[in-house]
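Notes follow the structure.
2 protein chains.
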Amino acid sequence: MAKLLKAKPLADEAGGLIKTQVQEWKEVGIAPAIAVLMVNGDPASAAYANAKGRLAGKLGIGFELLTFEQNVTEAELLREIQRLNGDDSIHGILIELPLPAGLDSSRLAAALDPLKDIDGITPANKLACMMNEPGLRPATPQSCIRLIEAAGIPLSGKHVVVVGRGETVGRPLMQMLLHLNATVTVCHSRTADLARMIKAADVLVTAAGRLNLITPEMVHTGLTLIDAGINVNQDGSGIAGDAAPETADHVAASSPVPGGVGTLTTTILFENVLHALKLQQDAGRLQI
Amino acid sequence: MAKLLKAKPLADEAGGLIKTQVQEWKEVGIAPAIAVLMVNGDPASAAYANAKGRLAGKLGIGFELLTFEQNVTEAELLREIQRLNGDDSIHGILIELPLPAGLDSSRLAAALDPLKDIDGITPANKLACMMNEPGLRPATPQSCIRLIEAAGIPLSGKHVVVVGRGETVGRPLMQMLLHLNATVTVCHSRTADLARMIKAADVLVTAAGRLNLITPEMVHTGLTLIDAGINVNQDGSGIAGDAAPETADHVAASSPVPGGVGTLTTTILFENVLHALKLQQDAGRLQI
């Protein structure tokens, strides 16, 4: 029977460490807090934002949810970002995606203070990720790597196939894996023979956002499968990953959806808040 | 017999187009010109700089070679870069690498005006390369792609193995190949089984800088081999690529060293000068 890579124990362990550090910051007069900008309309975004708020509460991190109507202008959001950049009581800023059409998420991302950019979406942090320099890394690829390591796979020299080349997962993940000395293959919608690529892999990370893209015939019993896909499941009752459910029985280890990458991602976002605080402290921007 | 992908006809064709465009710029009062900064001491650098100077002359592009003694300080070079950034008669700036120890090439690169950065080494151009946005791309990966396309290989859906993850070739090349819809595998010194990776490839680009890294046993007759390696050959009499000479007989097509990637790279550098001029014009910085 394949090993199930459950995220909850990892998230709980990380959460415990975060709580301790949050307490330490509070003892020196800093109450860690983040702000989330959300435009109303997308029910999934609202659910994600709420989940972050609940976890923030458990971890002792302040959480401010700023919601905007669908007709909000880019200029208004930019003003709000500028205000939060300058607000010393806010240490992390998050823009809940997707945004309605007409709002340019990359222009908004570029306006974020890189030291408060806890999802690693600013140009400065993207560049740091590529160059392996200090900075804030996006949470989802970090979660994927944490799950691989928790499966007992040392990444150096391993062959990792990443399915998806998006800005949130695939692109930063490939950079991070290369810096960890993995051999990396990036596949995507135009890949001619995905199954053939996967046959050669030690680890498969799928972040394509396509239900049942990965099937038992494509995998092998030596494979560790990390499923970073988030899709509405077949009967519309919940979420499912990119791998068909029965795939898990044909690999060495796999992460479930839900209860895998996404579960750990939210916790890692708050690790990033602590990392952001360190960077702000090093930059002399905290009053301790 | 395997096809030899000679760069000279491609370089000549590109050179003809460059000459025409240089003439057009001159007709509107702009004399395209570049400056090359070189610190004395590395004989290879001197040879490369001279080769650029000769080609610039043939293409009608102004060429200013600024040489510095080994004990030049970073501050002096930075001042020189600032001066060239502000010099309206210079449209491209190049730093001949490698620099002596003690000079931080990435700090110098960051000081270059991105619109004059004809080798695509500034942070802004590296980010543009990753994000597939307008900007100046490094010449060597462009040369590799040009040779693949000249071999009649449409990159979309093809599996390209890149050996090397360096800043000059491997890293930008993988980004550019992904944007061209290739499936990309990045191998490097820590890759466990390079031969196995190459077996699955349609195209192999090697930029490892290791003599005889690629041998006939590792390749196959369906493979297009682009050799971007530059090494001193076995008897020290000249340069050789990463592939052992006899490898060429066991692939579908291959680019020679010398006479391959490097030959075309110098010409593409001058295409970049024309691209830089366009970007400077679009930014309203040329007096026409």
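If you're matching them up, the sequences are chains Y and W in order. Residue numbers for the first sequence follow my numbering, so the first one is 1 and each next one is one higher. Residue numbers for the second sequence follow my numbering, so the first one is 1001 and each next one is one higher. Where a beta carbon is used, it is the ideal one built from N, C-alpha and C, also for glycine.
- Message: Relative to the C-alpha of Y/L277, which candidate in Y/D117, Y/I81, Y/A11 has its C-alpha closest?
- Response: As a position in the first sequence, residue 277 of chain Y is number 277, starting the count at 1. The residue with the shortest Cα to Cα distance from Y/L277 is Y/D117.
- What did DSSP end up calling Y/N231 once you bin it into helix, strand or coil? Locating residue 231 of chain Y in the first sequence gives position 231, where the first residue counts as 1. Correct three-state label for Y/N231: strand.
- Under 7 Å between beta-carbons, which chain Y residues line up against W/N1181? List them in chain order, please. As a position in the second sequence, residue 1181 of chain W is number 181, starting the count at 1. By Cβ distance, chain Y contributes R190.
- Query: Using DSSP with H/G/I as helix, E/B as strand and the rest coil, what is Y/K19?
  - Reply: Looking up residue 19 of chain Y in the first sequence gives position 19. Helix.
- Item | Sheet register partners of W/L1155 (DSSP bridge) | Taking the first residue of the second sequence as 1, we reach residue 1155 of chain W at position 155. W/L1155 pairs with nothing; no bridge assigned.
- Query: For a contact meaning CB atoms closer than 8 Å, what does Y/R165 contact in chain W?
  - Reply: Taking the first sequence and counting its residues from 1, one reaches residue 165 of chain Y at position 165. Per Cβ cutoff of 8 Å: L1178.
- Message: So, under 8 Å CB-CB, W/V1261 and W/I1239 are touching, yes? Tell me the CB distance rounded to an integer number of Å.
- Response: Indexing the second sequence from 1 puts residue 1261 of chain W at position 261. Indexing the second sequence from 1 puts residue 1239 of chain W at position 239. Between W/I1239 and W/V1261 the Cβ distance is about 11 Å, and since that is not below 8 Å, they are no contact.
- Message: In the DSSP output, which residue or residues are listed as bridge partners for W/T1183?
- Response: To locate residue 1183 of chain W, count along the second sequence from 1; it is residue 183. BP columns for W/T1183 point to W/H1159.
- Taking Cβ positions only, does Y/K19 come closer than 8 Å to chain W? For this step, residue 19 of chain Y is matched to residue 19 along the first sequence. No, Y/K19 lies away from the interface with chain W (no Cβ there is under 8 Å from its Cβ).
- Whole-number beta carbon distance between Y/A151 and Y/L5, since they are thought to touch under 8 Å: The residue you call residue 5 of chain Y lines up with position 5 of the first sequence. The residue you call residue 151 of chain Y lines up with position 151 of the first sequence. Rounded, the Cβ-Cβ distance is 5 Å, consistent with contact.
- Under a CB-based cut-off of 8 Å, is W/S1105 close to chain Y? For this step, residue 1105 of chain W is matched to residue 105 along the second sequence. For W/S1105, the answer is no, since every Cβ of chain Y falls outside 8 Å of its Cβ.
- Query: Measuring CA to CA, which of Y/A208, Y/A228, Y/D202, Y/G209 is closest to Y/L221?
  - Reply: Looking up residue 221 of chain Y in the first sequence gives position 221. The sequence shown places Thr at residue 221 of chain Y, rather than the Leu named in the question. Selected option, being the one with the closest Cα: Y/D202.
- Message: Distance cutoff 8 Å, beta carbons only. Does W/L1115 sit that close to anything in chain Y?
- Response: As a first step, residue 1115 of chain W is located in the second sequence; it is residue number 115 there, counting from the start. Not an interface residue.
- Message: Taking the alpha carbon of Y/E217 as the reference point, which residue from Y/V161, Y/I93, Y/L177, Y/D249 has its own alpha carbon closest?
- Response: By 1-based counting over the first sequence, the position of residue 217 of chain Y is 217. Checking every option, the nearest Cα to that of Y/E217 belongs to Y/D249.
- For Y/T122, does the three-state DSSP call read helix, strand or coil? Position 122 of the first sequence, counted from the start, is the residue given in the question as residue 122 of chain Y. Note: Y/T122 maps to coil in three-state DSSP.
- Query: Can you tell me where the alpha helix (DSSP H) with W/T1267 in it begins and where it stops?
  - Reply: Locating residue 1267 of chain W in the second sequence gives position 267, counting from the first residue. Run containing W/T1267: 1261-1282, per the alpha helix (DSSP H) assignment.
- Item | Same chain, Cβ closer than 6 Å to W/I1214, neighbours up to 5 away in sequence not counted | Numbered from 1 along the second sequence, position 214 holds the residue referred to as residue 1214 of chain W. Around W/I1214: T1206, D1242, A1243, T1247.
- Find the nearest neighbour of W/T1266 within the set W/Q1280, W/A1002, W/P1100, W/A1228, judged by alpha-carbon distance. On the second sequence, residue 1266 of chain W is found 266 positions in, with the first residue counted as 1. Looking at the Cα atoms, W/A1228 is the closest of the given residues.
- Query: Is any beta-carbon of chain W found at less than 8 Å from that of Y/P134?
  - Reply: Within the first sequence, the letter at position 134 stands for residue 134 of chain Y. No, Y/P134 does not count as interfacial toward chain W.
- May I ask which residues mark the beginning and end of the beta strand (DSSP E) holding Y/M38? Reading the first sequence from its first residue, position 38 is the one you call residue 38 of chain Y. 33-39 is the span of the beta strand (DSSP E), which, as asked, contains Y/M38.
- Is the shortest distance between the beta-carbon of Y/L274 and the beta-carbons of chain W less than 8 Å? Mapped onto the first sequence, residue 274 of chain Y falls at position 274. Chain W contact via Cβ: absent.
- Task: Check whether the region 1189-1202 of chain W touches the region 1167-1178 of chain W, taking contact to mean three or more Cβ pairs, one atom from each stretch, closer than 8 Å.
- Result: no
- Determine, using beta-carbon pairs with one atom in the region 1060-1071 of chain W and one in the region 1022-1036 of chain W, whether at least three such pairs fall under 8 Å. yes
- Note down, in chain order, all residues in the region 1126-1151 of chain W with a beta-carbon under 7 Å from any beta-carbon belonging to chain Y. K1126, L1127, M1130
- Item | Cross-strand partners of W/L1066 (DSSP beta bridge) | Translated into positions along the second sequence, residue 1066 of chain W becomes position 66. Answer is W/L1037, bridged to W/L1066.
- Give a yes or no on whether the minimum CB-CB distance between Y/T168 and chain W is below 8 Å. One-based indexing of the first sequence puts residue 168 of chain Y at position 168. Cβ-Cβ to chain W under 8 Å: no for Y/T168.
- Whose CA, out of W/I1230, W/L1223, W/A1252, W/R1107, lies closest to the CA of W/A1208? On the second sequence, residue 1208 of chain W is found 208 positions in, with the first residue counted as 1. Cα-wise, what sits closest to W/A1208 is W/I1230.
- Looking at the structure shown, is W/T1191 part of a helix, part of a strand, or coil, going by DSSP? Here residue 1191 of chain W corresponds to residue number 191 of the second sequence, with the count starting at 1. Coil, per DSSP.
- Query: What do you reckon, are the CB atoms on W/L1269 and W/A1124 nearer than 8 Å?
  - Reply: By 1-based counting over the second sequence, the position of residue 1269 of chain W is 269. By 1-based counting over the second sequence, the position of residue 1124 of chain W is 124. Contact: no.
- Identify, in the order they occur along the chain, each residue of the same chain with its Cβ nearer than 8 Å to the Cβ of Y/A31, setting aside the five sequence neighbours on each side. Taking the first residue of the first sequence as 1, we reach residue 31 of chain Y at position 31. Excluding positions up to five away in sequence, the list reads W25, G62, S89.
- Query: At a CB-CB cut-off below 8 Å, which residues of chain W make contact with Y/I156?
  - Reply: Along the first sequence, one-based indexing puts residue 156 of chain Y at 156. The amino acid occupying residue 156 of chain Y in the given sequence is Ser; Ile does not appear at that position. Under the 8 Å cutoff, chain W gives R1190.
- Message: Between Y/P123 and chain W, is any beta-carbon pair separated by less than 8 Å?
- Response: Reading the first sequence from its first residue, position 123 is the one you call residue 123 of chain Y. True, the Cβ-Cβ gap to chain W drops below 8 Å.
- Short-range partners of chain Y found in the region 1187-1214 of chain W, where Cβ spacing is below 9 Å: C1187, H1188, S1189, R1190, T1191, A1192, D1193, L1194, R1196, M1197, K1199, A1200, D1202
- Task: Tell whether a beta-carbon distance below 8 Å holds between W/E1074 and W/L1108.
- Result: Here residue 1074 of chain W corresponds to residue number 74 of the second sequence, with the count starting at 1. Here residue 1108 of chain W corresponds to residue number 108 of the second sequence, with the count starting at 1. In contact: W/E1074 and W/L1108 (Cβ atoms closer than 8 Å).
- Per-residue contacts from Y/V184 into chain W (C-beta, under 8 Å): Here residue 184 of chain Y corresponds to residue number 184 of the first sequence, with the count starting at 1. The answer, in chain order, is T1185, V1186.
- Message: Rounded to whole angstroms, what is the Cα-Cα separation between Y/S106 and W/E1076?
- Response: Against the first sequence, residue 106 of chain Y aligns to sequence position 106. Against the second sequence, residue 1076 of chain W aligns to sequence position 76. Each residue's Cα considered, the two are about 37 Å apart.
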